[in-house]
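Chains as they are written, first to last, in this note's numbering: chain F, 543 to 653; chain X, -9 to 104.
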């Protein structure tokens, strides 16, 4: 099992809908989790971090962490075409200095 | 705001050339990282450094070396560039002291080796 796994997509949602992006992780990745957005040809940009079980909201974004089931999700409400990007999930490992990244899920928001 | 800069956005080099990619951060972060990103392969860690003059191999260190003589600067060196090193190179920085610290990326360098 990969340490952090994501479905590569593309995930296609209509404008105004809720986009749900999911990520599962192994036992080695346990402390904290981060969501990055990456537009084509650009570098990843941090959008959310979550450390505790439950939900964390920031504007249209909600991160959800379930440590018992070992998954972390990102919900994007009222999806806009500008949300079309690849979303990377990352978690910290036992070595606190580095993160482990999933391969990313491509989101397409259609008009 | 964390600022991470990379020496070039685009670079074209010839096979066999020695290539230097530089990364500079202004937030006094202990940890610095070099990744490469290729379609379908995601981010792959090449090397990282947790302190001045300290370095650790990542997942794909072959063909690369690094240098960190000052805390704010982390250099990636391709000793003899090859075409399979054509890629997007991303530098990142992260504060030390805990697994909750966020990691920030520079703008990236797209390297083409002919």
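Note that the Cβ used here is the ideal one computed from N, Cα and C, for glycine as well.
Nothing here was measured: the structure is a model prediction, and the numbers come from that model.
If you drop the 5 nearest sequence neighbours on each side, which residues of the same chain put their C-beta closer than 6 Å to that of residue i?
{"i": "residue 648 of chain F", "result": "551, 552, 628"}
{"i": "residue 650 of chain F", "result": "552, 554, 626"}
{"i": "residue 592 of chain F", "result": "575, 598, 605, 607"}
{"i": "residue 86 of chain X", "result": "20, 21"}
{"i": "residue 61 of chain X", "result": "42"}
{"i": "residue 3 of chain X", "result": "9, 71, 103"}
Within the continuous beta strand (DSSP E) that includes residue i, where are the two ends?
{"i": "residue 22 of chain X", "result": "21 to 28"}
{"i": "residue 16 of chain X", "result": "Careful: residue 16 of chain X lies outside any beta strand (DSSP E) and carries neither H nor E."}
{"i": "residue 615 of chain F", "result": "613 to 618"}
{"i": "residue 605 of chain F", "result": "603 to 608"}
{"i": "residue 60 of chain X", "result": "54 to 60"}
{"i": "residue 652 of chain F", "result": "647 to 652"}
{"i": "residue 641 of chain F", "result": "641 to 643"}
{"i": "residue 560 of chain F", "result": "Counting along the chain, residue 560 of chain F falls outside any beta strand (DSSP E), and DSSP gives it neither H nor E."}
{"i": "residue 84 of chain X", "result": "77 to 84"}
{"i": "residue 556 of chain F", "result": "553 to 556"}
Would you mind giving the Cβ-Cβ distance between residue i and residue j, rounded to the nearest angstrom? I have them listed as a contact below 8 Å.
{"i": "residue 95 of chain X", "j": "residue 639 of chain F", "result": "So it is not a contact: roughly 16 Å between Cβ atoms."}
{"i": "residue 63 of chain X", "j": "residue 14 of chain X", "result": "5 Å"}
{"i": "residue 641 of chain F", "j": "residue 557 of chain F", "result": "No, residue 641 of chain F and residue 557 of chain F are not in contact; Cβ-Cβ is about 31 Å, not under 8 Å."}
{"i": "residue 32 of chain X", "j": "residue 643 of chain F", "result": "6 Å"}
{"i": "residue 613 of chain F", "j": "residue 566 of chain F", "result": "5 Å"}
Answer yes or no: do residue i and residue j have a C-beta to C-beta separation smaller than 8 Å?
{"i": "residue 67 of chain X", "j": "residue 57 of chain X", "result": "yes"}
{"i": "residue 79 of chain X", "j": "residue 101 of chain X", "result": "yes"}
{"i": "residue 81 of chain X", "j": "residue 10 of chain X", "result": "no"}
{"i": "residue 573 of chain F", "j": "residue 89 of chain X", "result": "yes"}
{"i": "residue 549 of chain F", "j": "residue 615 of chain F", "result": "no"}
{"i": "residue 588 of chain F", "j": "residue 578 of chain F", "result": "yes"}
{"i": "residue 53 of chain X", "j": "residue 75 of chain X", "result": "yes"}
{"i": "residue 634 of chain F", "j": "residue 571 of chain F", "result": "yes"}
Excluding the five sequence neighbours on either side, which residues of its own chain have a C-beta within less than 7 Å of the C-beta of residue i, listed in chain order?
{"i": "residue 602 of chain F", "result": "618, 619, 620"}
{"i": "residue 6 of chain X", "result": "70, 71"}
{"i": "residue 35 of chain X", "result": "23, 25, 48, 49"}
Grab me the residues of residue i's own chain with a C-beta within less than 8 Å of its C-beta, minus the 5 sequence neighbours each way, in chain order.
{"i": "residue 1 of chain X", "result": "9, 11, 99, 100, 101, 102"}
Measuring from the CB of residue i, is there a heavy atom of the ligand ATP at a distance below 7 Å?
{"i": "residue 25 of chain X", "result": "Here there are no bound small molecules, and the ligand ATP is not part of this structure."}
* To do: Name, going along the chain, the residues of the segment 89 to 101 of chain X whose beta-carbon falls closer than 9 Å to a beta-carbon of chain F.
  => Within the segment 89 to 101 of chain X, the qualifying residues are 89, 90, 91, 92, 93, 94, 95, 96, 97, 98, 100.
* In chain order, what residues of the segment 34 to 47 of chain X put their CB closer than 8 Å to some CB of chain F? -> Flagged, chain order: 35, 38, 40.
* Selection of the segment -6 to 26 of chain X by Cβ proximity to chain F, strictly under 8 Å -> Residues 20, 21, 23.
* Members of the segment 600 to 615 of chain F that neighbour chain X once the beta carbon cut-off is set at 8 Å -> The residues in question: there are none.
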